[in-house]
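From first to last, the protein sequence lines stand for chains A and B.
No gaps in the numbering here: position 22 of the first sequence is 22 in the working numbering, and each next residue is one more.
No gaps in the numbering here: position 475 of the second sequence is 577 in the working numbering, and each next residue is one more.
Step one of this worksheet: look at the structure below.
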Amino acid sequence: MRLSRTEDGACERPPHHRGTELMLYLDTLPKGGHAVIEKVEQRAPLDPIATRLGELGFVPGEAVQVVATGPMGKDPIAVRLGTSRFALRRGEAARVGLRTVS
Amino acid sequence: MSATTSPQTPASPLHIALVGNPNCGKTSLFNQLTGSRQKVANYAGVTVERKEGFFTTPNGRAIRVLDLPGAYSLDSTSPDEDVTRDVCLGCHRTEPRPEMLVAVISATNLRLHLRFLLELKQLGLPVIVALNMMDEARRHGLQIDAAGLQADLGMPIVPVVSLNRAGVMPLLQRLDLSLPAPPVPLPAGLDPHMEVRRLLATYVVDPAAGTDRLTDRLDRVFLHPVWGPIILLIVLFVMFQTVFAWAQPLMDGLGSGISIFGEIVLKPVPGGVLHSLLADGVLAGAGTVIVFLPQILILFLWILALEESGYLPRAAFLLDRLMALAGLSGRSFIPLLSSFACAIPGIMAARTIQNPRDRLVTILIAPLMTCSARLPVYTLLIGAFVPHRSVLGIFGLQGLVLFGLYAVAIVSGVIAARIMTRGVKSEEHPLLLELPSYRRPNLRSLALGLWQRAVMFLSRVGTIIVSLNVLLWALSSFPLPPAGAPGPAIDYSLAGRIGHLMQWVFAPIGFNWQICVSLIPGLAAREVAVSSLATVYAIGATDEGAADRLLPLLSTQWSMATAFSLLAWYVYAPQCISTLAVMRRETGSIKTVLWAAAYLFGLAYLAAFLTYHITRVLTGAA
């Protein structure tokens with residue numbers, strides 16, 4: 001499991017440090033993994049996808065769990081957020097920064 | 103403006119709108135309230151379905167209700183949500199602002215739906231909250247203090263179960279009372295998410311965290327990386343088996359029923375022009391329309407049931423990666439697959455695609471998926487020109503060519519979609535698809551949905567198809583040939599003349615005048631081209647064995663280059679007026695239809711041109 005995303009946007013978005021930990025993003029959360037949302041990043045000013053994620057309830061403090069991954073390239077992923085479930089492409093999930101819960 | 107003071111006379115029904123998130127049960131509530139008293143159309147200028155209905159409350163109050171498209175927010179991201187926002191704000195071009203909103207929220211998904219409800223609170227319109235799916239919430243062990251929530255929100259809440267008549271009575275009774283006062287907007291700067299959290303913590307007792315265990319268990323199977331795709335394949339296989347196998351006898355039965363009906367009705371009509379108009383124009387046209395119905399209804403029964411059960415979004419999830427190759431999302435798969443049976447139900451099935459750009463691109467490439475009507479033409483030409491021999495010992499050459507025609511069409515469709523979706527990175531193309539809880543499909547909703555599709559197809563598309571058929575009949579029949587003229591009658595008609603004129607356009611792709619003439623009646627339906635070729639070659643089109651007798655004739659009279667060129671033409675050409683008619687109906691834009699026809703004709707001409715000249719070189723004719 002990768003803890004930081006390096007294959008795209010590494011220069012515009014360096015690994016985010018929280019204490020000594022690297023920030024984990026929803027697209028790298030393994031299947032079955034639980035986490036709590038830390039923040040939703042805007043990729044552009046007024047990023048419509050980030051806005052929509054917020055409206056769907058992806059807001060700091062909410063618990064998420066990856067319940068399934070797509071059969072091809074593990075994309076998209078199915079995420080449970082409270083009582084609702086959403087399918088997200090990895091690019092969308094990469095906006096959601098997490099803190100893990102043990 | 104305050105709707106509470108607006109005059110209520112029996113003559114002007116109360117105008118309300120249903121608003122809510124997707125999957126809140128809004129449509130089944132609408133169906134339950136209005137029954138069959140619904141009008142389904144499109145909003146002016148956009149491909150968004152407009153559903154309006156009428157009903158009367160127990161005390162006799164007449165109500166006109168608009169079922170607004172499902173939305174997650176008034177901060178819209180799609181034309182569907184644009185409509186909902188504009189109507190709610192009262193700034194829609196053609197739609198007046200409703201006097202009151204009925205906000206539908208699902209008790210099983212309060213966290214998501216309450217947030218949208220708080221947005222609706224800001225509008226200054228009276229709102230009644232229909233708290234739906236209370237039965238399901240209770241089964242999950244969810245306890246909601248509706249009275250407390252109602253007082254806190256400042257909006258009346260009525261619990262409803264939209265699956266049966268008794269379940270919507272509380273809402274009907276509430277509608278008999280006077281309109282509530284518009285709720286007080288939230289103070290500025292208050293985070294709606296925090297407010298939702300507070301409401302949930304205060305008014306909802308939720309021992310099992312509202313988890314739908316059944317959906318979790320089903321998803322472990324249906325979304326499994328191995329079992330998921332296998333189950334999907336089985337579902338699709340059974341689905342298309344029924345579309346082909348069940349529809350065929352019905353279509354044959356309807357077809358012969360219409361011809362028997364025609365014979366009986368037209369018996370007293372003397373032979374001649376009137377008889378020909380009624381038989382070959384009107385009845386043949388109506389026959390074309392009605393014959394499509396079984397396929398459309400069976401396909402839609404499946405799609406509606408899969409959608410209602412919650413499986414369709416899962417199929418989209420499993421197929422998303424595959425469709426991303428074409429720049430589309432998983433939602434486009436079923437409409438495109440259906441188009442292999444016939445583009446007409448396929449294009450109608452594109453309604454299930456929420457993203458409007460995806461929907462348009464899917465509609466535009468649907469005619470490239472090889473429909474079953476092309477098979478007679480392919481079979482005839484392959485039989486006449488491709489030698490019957492085996493390749494590598496196991497494959498028949500004829501079968502390989504047929505496979506190649508399908509493959510070329512699919513690859514072209516993917517490329518065309520890629521070009522139309524260019525500039526949109528697949529990563530940035532939002533999927534963000536809600537996977538609702540699984541539920542048993544409601545029979546009443548299925549029946550209403552099927553009924554609406556049937557009426558829509560017969561009334562709106564059917565009329566266009568019949569009129570165009572009559573027009574084509576007239577073109578192919580007039581002027582009548584002079585008495586005792588040699589050659590087929592169609593050669594003297596307007597269509598014949600146009601066919602001859604077309605030849606200078608089509609000569610570079612190797613078409614002779616007989617092909618050009620047969621292309622015109624072939625516009626009515628692709629397979630008609632075979633019988634019209636038979637007419638042009640004067641061997642009697644009505645003959646059952648027309649194709650068998652055409653086959654040796656064509657193989658001696660046409661060059662191989664011409665035959666292959668016609669095959670290439672048929673892969674692309676929008677040779678089907680009915681498809682264009684349903685495209686017009688579904689997109690509401692004649693410009694889109696013209697554009698689609700232009701790009702498909704362009705592709706067809708280019709492909710036929712290349713095929714013709716390459717084959718000429720290869721066969722040594724050039």
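Ideal placement from N, C-alpha and C gives every residue a C-beta, glycine not left out.
**Residues, ordered as in the chain, of the region 419-438 of chain B that lie near chain A by beta-carbon distance below 7 Å** = Phe419, Leu420, Asp422, Arg423, Leu424
**Request:** Return helix, strand or coil for Thr780 of chain B, following the three-state DSSP convention.
**Result:** Residue numbering for chain B in the displayed model covers 103 to 724; residue 780 of chain B lies beyond these limits and cannot be assessed.
**Prompt:** Where in the region 284-309 of chain B do unbroken runs of the alpha helix (DSSP H), each at least 4 residues long, occur, reported from the N-terminal end onward?
**Reply:** 294-305
**Asked** Secondary structure at Tyr174 of chain B, three-state DSSP: helix, strand or coil?
**Response** coil
**Cβ-based neighbour list, Tyr540 of chain B, same chain, cut-off 7 Å, excluding 5 preceding and 5 following** = Closer than 7 Å at Cβ, skipping near neighbours: Leu316, Thr317, Leu320, Ser411, Gly412.
**Prompt:** For the 8 Å Cβ check, are there 3 or more pairs between the region 235-246 of chain B and the region 277-288 of chain B?
**Reply:** Counting Cβ pairs under 8 Å, fewer than three are found: no touch.
**Request:** Look at the alpha carbon of Pro289 of chain B and the alpha carbon of Ala303 of chain B, and state the distance between them as a whole number of angstroms.
**Result:** 20 Å
**Prompt:** Does the Cβ of Asp75 of chain A have 16 or more other Cβ atoms within 10 Å, making it buried, or fewer, making it exposed?
**Reply:** buried
**Asked** In whole angstroms, what is the alpha-carbon distance linking Ala164 of chain B and Glu154 of chain B?
**Response** Straight-line measurement puts the Cα of Glu154 of chain B at about 14 Å from the Cα of Ala164 of chain B.
**Request:** Buried or exposed for Ser358 of chain B, please, with buried defined as at least 16 other CB atoms from any protein chain shown within 10 angstroms of its CB.
**Result:** exposed
**Prompt:** Would you say Asp177 of chain B reaches chain A, if we count a Cβ-Cβ gap shorter than 8 Å as a contact?
**Reply:** yes
**Prompt:** Between the region 358-385 of chain B and chain A, which residues of the former have a C-beta closer than 9 Å to a C-beta of the latter?
**Reply:** none
**Request:** Work out the CA separation of Leu427 of chain B and Arg5 of chain A for me, nearest whole Å.
**Result:** Caution is warranted here: a pLDDT of 41 is assigned to Arg5 of chain A, below 50, making its placement in the model unreliable, and the coordinate value is therefore given only provisionally. Here the alpha carbons of Leu427 of chain B and Arg5 of chain A stand approximately 23 Å from one another.
**Item:** From B:Leu573, B:Leu499, B:Ala239, B:Ile566, residue whose alpha carbon lies closest to that of Leu682 of chain B
**Value:** B:Ile566
**Message:** Tell me which residues share the same chain as Val568 of chain B and place their Cβ nearer than 6 Å to its Cβ, disregarding the 5 neighbours each side in the sequence.
**Reply:** Only residues of its own chain outside the window of five on either side were considered, and among them Gly387, Ala388 have a CB closer than 6 Å to the CB of Val568 of chain B, listed in chain order.
**Asked** Near Ala114 of chain A, what residues of its chain come up, given a Cβ to Cβ distance below 8 Å and the 5 sequence neighbours on each side ignored?
**Response** This structure cannot speak to residue 114 of chain A, because chain A is shown only from 1 to 102.
**Request:** Identify whether Val64 of chain A lies in helix, strand or coil by the three-state DSSP scheme.
**Result:** DSSP places Val64 of chain A in strand when its eight states are reduced to three.
**Prompt:** Taking all protein chains shown into account, do 16 or more other C-beta atoms lie within 10 angstroms of the C-beta of Arg542 of chain B, making it buried, or fewer, making it exposed?
**Reply:** exposed
**Asked** Ordered along the chain, which non-local residues of its own chain (more than five positions away) have a Cβ less than 6 Å from that of Asp27 of chain A?
**Response** Arg90, Ala93, Ala94
**Request:** For Glu221 of chain B, I'd like the list of residues in its chain whose CB is within less than 6 Å of its CB, leaving aside the five on either flank, ordered along the chain.
**Result:** Leu176
**Message:** To test your reading of the DSSP string, which unbroken alpha helix (DSSP H) runs of 4 or more residues are found completely within the region 407-490 of chain B?
**Reply:** 413-426, 435-440, 445-451, 458-467, 477-487
**Asked** How big is the Cα-Cα spacing for Cys618 of chain B and Tyr639 of chain B?
**Response** 12 Å
**Asked** Between the C-alpha atoms of Thr721 of chain B and Tyr672 of chain B, what's the straight-line distance to the nearest angstrom?
**Response** Straight-line Cα distance between these residues: approximately 21 Å.
**Request:** Verify whether the separation of the beta carbon atoms of Tyr674 of chain B and Leu470 of chain B is less than 8 Å.
**Result:** Between Tyr674 of chain B and Leu470 of chain B, the CB-CB gap stays under 8 Å.
**Asked** Residue ranges of each alpha helix (DSSP H) run of no fewer than 4 residues wholly in the region 624-712 of chain B, ordered along the chain?
**Response** 630-638, 648-659, 662-674, 679-689
**Prompt:** Which of helix, strand or coil does DSSP assign to Phe156 of chain B?
**Reply:** strand
**Request:** State the Cα-Cα distance for the pair Leu116 of chain B and Gln252 of chain B, rounded to the nearest angstrom.
**Result:** Distance between the alpha carbons of Leu116 of chain B and Gln252 of chain B is about 23 Å.
**Asked** Exposed or buried, which one is Ala631 of chain B when buried takes at least 16 other CB atoms within 10 Å?
**Response** buried
**Item:** Span separating the alpha-carbon of Pro124 of chain B from that of Ala205 of chain B
**Value:** Approximately 12 Å between the Cα atoms of the pair.
**Prompt:** How would you write the range of the beta strand (DSSP E) that Asp93 of chain B sits in, first residue to last?
**Reply:** No answer is possible for residue 93 of chain B: the residues shown for chain B start at 103 and end at 724.
**Request:** Kindly provide the ranges of any alpha helix (DSSP H) runs that are 4 or more residues long and lie completely inside the region 510-568 of chain B, ordered along the chain.
**Result:** 545-558
**Asked** Whose C-alpha, out of B:Phe487, B:Met558, B:Ser579, is nearest the C-alpha of Gly374 of chain B?
**Response** B:Ser579
**Prompt:** Out of B:Leu212, B:Gly122, B:Phe156, which has the shortest C-alpha to C-alpha gap to Gly172 of chain B?
**Reply:** B:Gly122
**Prompt:** In angstroms, rounded to a whole number, what distance separates the CA positions of Ala451 of chain B and Ile405 of chain B?
**Reply:** Ala451 of chain B and Ile405 of chain B have their alpha carbons spaced roughly 8 Å apart.
**Prompt:** Going along chain B in order, which residues have a C-beta closer than 7 Å to the C-beta of Pro76 of chain A?
**Reply:** Phe419, Asp422, Leu533
**Prompt:** What residue ranges within the region 243-280 of chain B form continuous beta strand (DSSP E) runs of no fewer than 3 residues, ordered along the chain?
**Reply:** 259-261
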